[in-house]
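J.:
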Amino acid sequence: MQQNASPPAPIVSLRDVQKSFGSLRVLDGVSFAVERGEVLAIIGRSGSGKSTALRCIDRFEKVDRGEIVVCGHRVDLPNVDLRALRQDVGIVFQSYNLFPHLTIEQNITLAPRSVKRMAASQTRELAHKVLAQVGLEEKVHAYPEQLSGGQQQRAAIARSLAMQPKVMLFDEVTSALDPELTGEVLKVIEQLAADGMTMVMVTHEMGFAKSIADRIVFMHRGKVHETGPASILTSPKTPELAQFVGTGNLKS
Amino acid sequence: MGIELDFPAVLERWPNFLGGAVLTLELALFATVLGALLGTLAAVGRGTHSALIARACKVYVEAIRNTPLLVQIFLVYFGLASIGLKLSAFTVAVAALTINVGAYTAEIMRAGFEAIPRGQIEAAEGLALSRVQIYWHIILLPAVERVYPALTSQFVLLMLASSICSQISAEELTAVANYIQSDTYRAFETYIIVAVIYIILSLVMRAGFWGLGLVLFPRRRRLGTAL
Amino acid sequence: MGGHLNVNHLLFLGHGALWTIGLSLIALIGGGIAGFAIALARISPHKSVRLLSATYVQLIQGTPLLVILFLGYFGLAAIGLKVSPLAAAGASLTLYVAAYLGEIWRGSIQSVPKPQWEAAEGLALSRTQRMMKVILPQAIRIATPPTVGFMVQIIKNTSLASVVGFVELMRSGQIVNNSLFEPFAIYAIIAVVYFAMCYPLSLLSQRLERRMGRGMVNLAPA
């Protein structure tokens, strides 16, 4: 792992990343960087490549060309230490993916126990701490199926937090939720941002992106079409973003 | 009609029946544990990236599932003898039953593995779990939970099929029955009694698996989901 | 005795293989008819019929086929009913197959979607008409893959008839072995012949199952 050089290196940086599925070019020269403590929101239509870009950061997709550096790991190289990378990166999915046969506490303690070899008592304390962060302390012994969708997603966030990642990735984490349940999840993410967590999120919630993101990346046809501070959502420069923001319901 | 049945005359031999029943359960227990291991390995093997291993596991599973147990038992019996291994009938029986039930277990486990959603594995990878840890915590245990009823039925069938080991003189329940009926000339009563004992043994095994399931799968116990 | 495997031996084995097929057909047809009755009885509106048929299934499925076979051959003989090995094997297999096919088919009938039953009721058809015209045609589709799969079990299980002296494939192998004493080689040949009979059915069953798009685990004794 590289040590941080004197000018602080970005936590995540993509340079000219290309990726194709068959003959379809999903990422066509994507570049962006995320500084420590920054919240980056990736927006765009479905099929624009935004989820693929996010998944490349944690190497759930391999890139064809370009350079990806995440917390000092060269993610684009074939010999990247995946387990070391993923200890530094937390990821939360659209479909929660809690382990159904384990209680919420067991879901949370599994990785700290097996990967970090923490003592059982220590991991239990940790579980209580991260559950408090997402407001689910009373569900510590429940099974995932006993929780609402919103609660499950908060538990999934807590599970990621327990690994004390340097950066969190959120892949459309509210898209599978009923509208009345998205609020509680967004509130948790907001609190994380306030606490200084570095985050990259793919989202459809324009209002939320606008209120929380330090920077927006608008993707269109596999390229970063427009990027800038959250204000670009209200005053877009490109017609594509203008149209996208126009059709997307800009709440707030 | 002058059919007279004399069950007491046969029941007198209850210590023999009991001994046979115990041996049948022992056979089933050994073959269940070893067959579960072998079958799980074969199921894992069928999913590996090595084409050779995957192919070998498929050949094993199909060869066993498409030939009779009786033939397999004789092949193991004479096969081991021809390479100079003189083993007890009990050992040969355990070996043959293990090889047999391993193939069925492999198919059941494979179905269980395939039912694990891809997202579960991605979530575990995202948490930096190793391949072995993922296999154990995220794939194997939930897969077993899912196919547990099928596994239970399979292992009960194995216990019943162990009666075929009487053909290589393993002293299990059916062999004991054969011996008693030739001794008492009361074949009808003997086999009726033995059938009843097998039915009791299969109920005992089902109850055992049910209890084991409660211990193994606390979620099912807590949420009252049927096993 | 002694000597090498010759044409006569092979012809003898071939004859045995034909009887394996014959016995399998007897078991399939006999067990199929009885099994169909069991399947209907298991979902009968009368509680006593349901209970009786369920008990039958439980008893048979809790007993090894070998013991049923011994009961039919030695047991009946001992109480004065002498039956031939073919009759004993045919009857035992029929009883056995009926219990398993009955359960497979009951499952198939019951997995016809509920709206179909309700729709049939709405058409004011009699219970028999509902069964014959609406439910069974759909149940047969569902039942075909596991039934074909179970035919593999029937073929394999006929090998047990050798134990009461019926000369099917397994027994003919034993007889050939008695003159050659090459057990491993001969049982290997026997295994290959069984495989050649069973594997095509297994493949067919898998293919049908895949076409139906449902991953059913084929449970099988022995």
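Protein chains in written order, with numbering that gives the first Met the number 0: chain E, 0 to 251; chain U, 0 to 226; chain W, 0 to 221. We put the CB at the ideal spot given by N, CA and C, even for glycine.
Compile a chain-ordered list of the residues in the region 162–194 of chain W whose CB is closer than 7 Å to at least one CB of chain U.
T.: Listed in sequence order: V162, M169, P182, F183, Y186, A187, I189, A190, Y193, F194.
J.: Between U/P148 and chain E, is the shortest Cβ-Cβ distance under 8 Å, so that the two count as touching?
T.: No, U/P148 does not count as interfacial toward chain E.
J.: Can you give me the Cβ contacts of U/M0 inside the same chain, cut-off strictly under 6 Å, excluding the 5 residues immediately before and after it?
T.: Residue placement at U/M0 is poorly supported in this model, since its pLDDT is 47, which falls under 50; the coordinates still yield a value, given next. Excluding positions up to five away in sequence, the list is empty.
J.: Give the DSSP bridge partners of U/A174, in chain order.
T.: According to DSSP, which records beta bridges pairwise, U/A174 is partnered with nothing at all.
J.: What in chain U is Cβ-close to W/Y55, meaning under 8 Å?
T.: Result: empty, since nearest Cβ-Cβ is about 12 Å, beyond 8 Å.
J.: Between which two residues does the alpha helix (DSSP H) holding U/P208 run?
T.: Note on identity: in this sequence residue 208 of chain U is Phe, with Pro being the wrong assignment. It spans 186–215 - the alpha helix (DSSP H) in which U/F208 sits, taken as one unbroken run.
J.: Go ahead and label E/F20 buried or exposed: buried means 16 or more other beta carbons lie within 10 angstroms of its beta carbon, across all protein chains shown.
T.: Exposed, by the Cβ-count rule.
J.: Closer than 8 Å, CB to CB, is U/A186 near chain W or not?
T.: So, interface residue.
J.: Since E/D87 is in the alpha helix (DSSP H), which residue starts that stretch and which ends it?
T.: From DSSP, the alpha helix (DSSP H) with E/D87 extends over 81–87.
J.: Check distances from the C-beta atoms of the region 32–64 of chain W to those of chain U and list, in chain order, the residues that come in under 7 Å.
T.: Cβ contacts with chain U: L58, G61, T62, P63.
J.: When the Cα atoms are used, what is the spatial distance from W/A219 to W/A36?
T.: Summary for W/A219: the model assigns pLDDT 44, below 50, so the residue's position carries little reliability, and this model does not support an answer.
J.: Nearest chain U C-beta to E/H72 closer than 8 Å, yes or no?
T.: No, E/H72 lies away from the interface with chain U (no Cβ there is under 8 Å from its Cβ).
J.: Could you check whether the Cβ of U/Q119 sits closer than 8 Å to any Cβ belonging to chain W?
T.: Taking Cβ atoms only, chain W never reaches closer than 8 Å to U/Q119, which makes this a no.
J.: What would DSSP say about E/M218, mapped onto helix, strand or coil?
T.: If DSSP states are grouped into helix, strand and coil, E/M218 belongs with the strands.
J.: What separation, rounded to the nearest whole angstrom, lies between the Cα atoms of E/R73 and E/I10?
T.: Going from the Cα of E/R73 to the Cα of E/I10 covers about 12 Å.
J.: Once you ignore the five residues that flank U/N15 on each side, which residues in its own chain have a CB closer than 8 Å to its CB?
T.: Same-chain partners within the cutoff: V175, Y178, I179.
J.: Listed in chain order, which residues of the region 122–147 of chain U have Cβ atoms closer than 8 Å to some Cβ of chain E?
T.: Under the 8 Å Cβ criterion, the region 122–147 of chain U contributes A122, A123, E124, G125, L126, A127, L128, S129, Q132, H136, I137, L140, P141, E144.
J.: Taking the beta strand (DSSP E) that E/Q17 belongs to, which residues open and close that run?
T.: From DSSP, the beta strand (DSSP E) with E/Q17 extends over 11–20.
J.: For a cutoff of 8 Å on Cβ pairs, would you count U/N93 as touching chain W?
T.: Position check: residue 93 of chain U holds Val in this sequence, whereas Asn was assumed. It does not; no Cβ of chain W falls within 8 Å.
J.: DSSP on E/F169, reduced to helix/strand/coil?
T.: Three-state DSSP puts E/F169 in a strand.
J.: Is it buried or exposed for U/Y184, if we count other Cβ within 10 angstroms and need 16 for buried?
T.: When all chains shown are included, U/Y184 counts as exposed.
J.: Determine the DSSP secondary structure at U/I120, reduced to helix, strand or coil.
T.: Three-state result, U/I120: helix.
J.: Is there a Cβ from chain U that is less than 8 Å from the Cβ of W/K81?
T.: Answer no: the Cβ-Cβ gap between W/K81 and chain U never drops below 8 Å.
J.: Thinking C-beta only, is E/S30 closer than 8 Å to E/V223?
T.: Cβ distance < 8 Å, so E/V223 and E/S30 count as in contact.
J.: Give me the DSSP bridge partner(s) of E/I67.
T.: Note: E/I67 sits in a beta bridge opposite E/L13.
J.: Which residues bound the beta strand (DSSP E) around E/F31?
T.: Segment 23–33, the beta strand (DSSP E) holding E/F31.
J.: What residues in the region 187–217 of chain U have a beta carbon less than 9 Å from any beta carbon of chain E?
T.: Residues F216, P217.
J.: For W/F149 and chain U, any beta-carbon pair shorter than 8 Å?
T.: It does not: the Cβ of W/F149 has no partner Cβ on chain U nearer than 8 Å.
J.: Rounded to whole angstroms, what is the Cα-Cα separation between W/L137 and W/L9?
T.: According to the sequence as given, residue 137 of chain W is Gln; it is not Leu. Rounded to the nearest angstrom, the two C-alpha atoms are 44 Å apart.
J.: Using 8 Å as the threshold, is the region 207–217 of chain U in touch with the region 54–70 of chain U, meaning 3 or more CB pairs across them?
T.: The region 207–217 of chain U vs the region 54–70 of chain U: no contact.
J.: What are the uninterrupted segments assigned as alpha helix (DSSP H) that are 4 or more residues long and contained completely in the region 85–168 of chain U, given in chain order?
T.: The qualifying runs are 88–113, 117–125, 140–160.
J.: Quick test of the definition: if touching needs 3 or more C-beta pairs under 8 Å, does the region 35–48 of chain U touch the region 133–151 of chain W?
T.: Touching, no.
J.: Quick check on U/T221 - is its C-beta less than 8 Å from some C-beta in chain E?
T.: Note that residue 221 of chain U corresponds to Arg in the displayed sequence, not to Thr. Yes, U/R221 counts as interfacial toward chain E.
J.: Is the beta carbon of E/G89 closer than 8 Å to that of E/T197?
T.: Not closer than 8 Å, so no.
J.: Under 8 Å, Cβ to Cβ, is there at least one residue of chain U near E/N96?
T.: Answer yes: the Cβ-Cβ gap between E/N96 and chain U drops below 8 Å somewhere.
J.: Run through chain U and tell me which residues come within less than 9 Å of W/K132, C-beta to C-beta.
T.: Ordered by position in chain U, no residue passes the 9 Å Cβ test against W/K132, which lies about 33 Å from the chain.
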